[in-house]
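Residue numbers (the working numbering): 12 to 75.
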């Protein structure tokens with residue numbers, strides 16, 4: 012993220028977290044491993060990207 016930010020002038024103004032996955036089958040057929048993968052993709056990835064983005068936005072005075 013820092014490399015991309017530097018490419019565009021060293022500032023980050025916005026982050027759009029747009030990621031998600033789903034298994035199209037009954038919930039009772041989803042294993043713990045599959046559930047953990049879904050949560051890592053749908054929840055944790057957005058959290059970690061937001062942490063990185065906030066750091067860059069704070070450096071440029073744009074964090075809220």
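Just so it is clear, CB atoms sit at the ideal spot from N, CA and C, and this is done for glycine as well.
*To the nearest angstrom, report how far apart residue 69 and residue 28 are at their CA atoms.*
The sequence position of residue 69 within the chain shown is 58, counting from 1. The sequence position of residue 28 within the chain shown is 17, counting from 1. Their backbone Cα atoms lie some 18 Å apart in a straight line.
*Would you grab the beta carbon distance between residue 30 and residue 56 for me? Rounded to a whole angstrom, and I think it's under 8 Å.*
Translated into the one-based positions of the chain shown, residue 30 becomes position 19. Translated into the one-based positions of the chain shown, residue 56 becomes position 45. About 6 Å separates the two Cβ atoms, so the contact holds.
*asked:* I need the DSSP call for residue 36, collapsed to helix, strand or coil.
replied: In the chain shown, residue 36 corresponds to position 25, counting from 1. In this structure, residue 36 counts as coil in the three-state DSSP scheme.
*alpha helix (DSSP H) containing residue 18: first to last residue?*
Looking up residue 18 in the chain shown gives position 7. Counting along the chain, the alpha helix (DSSP H) containing residue 18 begins and ends at 13–18.
*Thinking residue 34 and residue 41 are a contact (beta carbons under 8 Å), I'd like their distance in whole angstroms, please.*
Here the question's residue 34 lines up with position 23 in the chain shown. Here the question's residue 41 lines up with position 30 in the chain shown. 6 Å between Cβ atoms; contact.
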